[in-house]
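Residue numbers in the sequence shown follow my numbering, run continuously in steps of one, and reach 1848 at the last position. Using N, Cα and C, we set each Cβ at its ideal position, and we do this for glycine too. What you are looking at is a predicted structure, and each value in this text was computed from that prediction instead of being measured. Working notes for the structure below.
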Amino acid sequence: MSRDPNIPHTSEEKSSDSEDIQEDSLNNPDQSMREKIRQSTSSPHRYNRAQSSPPRLVSMEELMETAKGVSNMALAHEIVVNGGFQIKPAELPEGSLEKTVKEIVHKAFWDCLEAQLSEDPPTYDHSIKLLGEIKEALLSFLLPGHTRLRNQITEVLDLDLIKQEAVNGALDIAKLAEFIIGMMGTLCAPVRDEEIKKLKDIHEIVPLFRAIFSVLDLMKMDMANFAVSSIRPHLMQQSVEYEREKFQKIFEKQPNSLDFVTDWLQEASDDLANLRCKNSPSPGVGAAASGVPVLCPAAVQNWAYLKLLKWDHVHKPFPETLLMDHTRFQEMQLELEQLTLTGAILLVMFNVAGAALSSLPGFADKIKAIIKVLLTGMHLPSFNLSESLATIGEKVCAEVNSCLSQHGFTPFTTEKEIALKGQIQTLGNSDNTICNLIDSRIHAFLESYLTSGHQKSFPAIPGGLGPIQREMEEIAVKYVRLVNYNKMVFSPYYDVILSKLLNKAESQLLG
1338 MSRDPNIPHT SEEKSSDSED IQEDSLNNPD QSMREKIRQS TSSPHRYNRA QSSPPRLVSM
1398 EELMETAKGV SNMALAHEIV VNGGFQIKPA ELPEGSLEKT VKEIVHKAFW DCLEAQLSED
1458 PPTYDHSIKL LGEIKEALLS FLLPGHTRLR NQITEVLDLD LIKQEAVNGA LDIAKLAEFI
1518 IGMMGTLCAP VRDEEIKKLK DIHEIVPLFR AIFSVLDLMK MDMANFAVSS IRPHLMQQSV
1578 EYEREKFQKI FEKQPNSLDF VTDWLQEASD DLANLRCKNS PSPGVGAAAS GVPVLCPAAV
1638 QNWAYLKLLK WDHVHKPFPE TLLMDHTRFQ EMQLELEQLT LTGAILLVMF NVAGAALSSL
1698 PGFADKIKAI IKVLLTGMHL PSFNLSESLA TIGEKVCAEV NSCLSQHGFT PFTTEKEIAL
1758 KGQIQTLGNS DNTICNLIDS RIHAFLESYL TSGHQKSFPA IPGGLGPIQR EMEEIAVKYV
1818 RLVNYNKMVF SPYYDVILSK LLNKAESQLL G
C-alpha cells in the first residue's frame, strides 16, 4: 500500500520590535531568537529565586493554547527522534465505562442491520450507508494517479444506482462485498494479506461487514504510519525551527519556563568552577595566571548533559527543555548502571581466570547474556541485588570451569571459586572500588565522544572495558544524538543563560 503523505505545513509571521530586528532575523535566525529571549528575560537577579516575582495568573484559554502547543511539539519531536515511532489503535481499558458504552452502541447497530436484512423484503438503509463509508475509505487510499482504480470504485459503488437496485429488489450485497474485498486486497499492505484472505471465508452479510470495517481500520493505521515514515525526512529538516518556535510561544506566555534549565546550567557551571579552583597550583594564583582553561558555554553545556546521566529523578526537577526526552535519559541512566555492574563482573572474572578465557570468541557474550537475564529488573524496589549477585557468581564459576575443561585448561580450585564468588558479591556495595572505576571510565568515554563533535569514529576504549565495548558504543550513539539535537533546538536559550552565568562567575573570580 502506498499513499502520498499529507504534510501539513504551518508558517507563522514572527513579530519584532523594530525593522532592524526583522532584518537580523532574516540574516541570522539564531541571533534573532537570542534577542527575543533577552527581551523576555529580566536582569541577572532573575536567577536569584529569593528575588524572583511570583508567577502570573493565566486564563484557561491561554492554558489550553499552551497545552496544545506542547502536545504538537512533543508529537513532532517523537516522530523525529524515534525511528520506530508508529501510530497504534487506542485500546480502551477492560471494564471501563467508555469500552462498555462503545460495545453496547456497536451491538445495537449491528443488531439493527441484522433485523433490516431479515425483513421480507429486506430493508437496505443501513447497508447502503455502510457501503458509502466503505467507498470513501477505499478512495482515501488511492494516489492521484490511480485513475483506473478510482473509476472502478466509483462505478461499482455508485450509491444512486445501488439505491435503485434496492428499491427494485435487484441488489446483490454478496457481489458488492466480493468487489470490496478484492479492492482491499489490491490496496492493502502485504502484512494485511492474511486478514483479507480470512474475509473471503465469511459468507454471512453482517459478520462480513463487521470484519471489513475492522480490516479497513487496520489499513487506515497502515496508511497513517506510511505517511509518518514519508514525512520524517522532511520533518527532520524543519523540526529544529518548529520546536524552537513552539517553545518560544510557550516561553512568551510563561517566562518562568526556563527556571529549572537555569538551575541545571548553574550547577554545571559551579562544578566546573570548583574544578578550576582545585586545579590551581596554589591558593594565591588566579585561574587565568595558572593556565586553567577559562569557563566557556560549550564546556558547561557538555558537563551539564553528562550530569543528566546521574540525575536524581525523585528529588530534582528535570530541565524544561529536555522534558520530552526525560524518559529516554532515564532509560539510558538505568542502562549505564546495569552496564557498569556487568563490566565490573567481567573484569573480576577475567582477572581471576587469567588470559586463557579473554581471547576465546563468544565467551564474553555468553556471560553477558547470563548477567543480563539475572539483572533484569535490578532498579525495581523488590529486586534483591545480593541474591542475584550470588546466583551470578554460581553461574559464572560453572561456565568458567566448563569452558576451561573444554579447551584443555585446569578448572578452578575450590579456593579460586570462593574468591571469585566473593569478589562478585562485593560489587553490590555502593563504595565498591571496581564499580566506581568502571563507572568513571564509562563516563570518560561518553565525555570524550560528546566533546569530539560530529566525528564518526569512537574514541579509544578505556582499559578494562573491551568486553562491553559494543554496548558502550550503542549507548553513546543514542546519547550524543539526543544531546546534539537538543543543542540545535535550544542553543539560543542556553547561550543567553550561560552568558549571564559565566559573566557573573568570571567577575566573582577576578574580584
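Remark: three or more beta-carbon pairs, one from each stretch, lie closer than 8 Å, so the stretch 1729-1747 and the stretch 1680-1694 are flagged as touching. Between the C-alpha atoms of residue 1536 and residue 1514 there is a straight-line separation of about 10 Å. Judged by DSSP secondary structure, residue 1529 falls outside any alpha helix (DSSP H); it is assigned neither H nor E.
With contacts defined as CB atoms closer than 9 Å, residue 1609 and residue 1635 fail to qualify as a contacting pair. Three or more beta-carbon pairs separated by less than 8 Å are not found between the stretch 1829-1836 and the stretch 1801-1809, which leaves the two stretches without contact.
Residue environment for residue 1432: exposed (fewer than 16 other C-beta atoms within 10 angstroms of its C-beta).
Residue 1464: member of the alpha helix (DSSP H) spanning 1462-1477, first to last residue. With at least 16 other beta carbons inside 10 angstroms of its own, residue 1606 counts as buried.
A buried status is given to residue 1549, since no fewer than 16 other beta-carbon atoms sit within 10 Å of its beta-carbon. Taken in chain order, the whole beta strand (DSSP E) runs of length 3 or more contained in the stretch 1653-1708 number zero.
Put simply, the backbone Cα of residue 1414 is about 10 Å away from that of residue 1422. Cβ-Cβ distances below 8 Å link residue 1465 to 1496, 1499, 1500, 1503 in the same chain, with the five nearest sequence neighbours on each side left out; the list follows chain order. Inclusion of residue 1598 and residue 1822 in the CB contact set at 9 Å is not warranted, their separation being larger than that value. For residue 1457, the three-state secondary structure derived from DSSP is coil.
For residue 1737, the enclosing alpha helix (DSSP H) stretches over residues 1722-1743. Nearest C-alpha to residue 1528 among 1639, 1551, 1434, 1559: 1559. Cβ atoms of residue 1450 and residue 1439 stay farther apart than 8 Å, at about 17 Å. In this structure, DSSP gives residue 1537 a state outside helix and strand, which the three-state scheme calls coil. Per DSSP, the unbroken alpha helix (DSSP H) holding residue 1634 starts and ends at 1634-1644. Judged by beta-carbon spacing, residue 1672 lies within the 9 Å limit of residue 1812, meaning their Cβ atoms are closer than that value.
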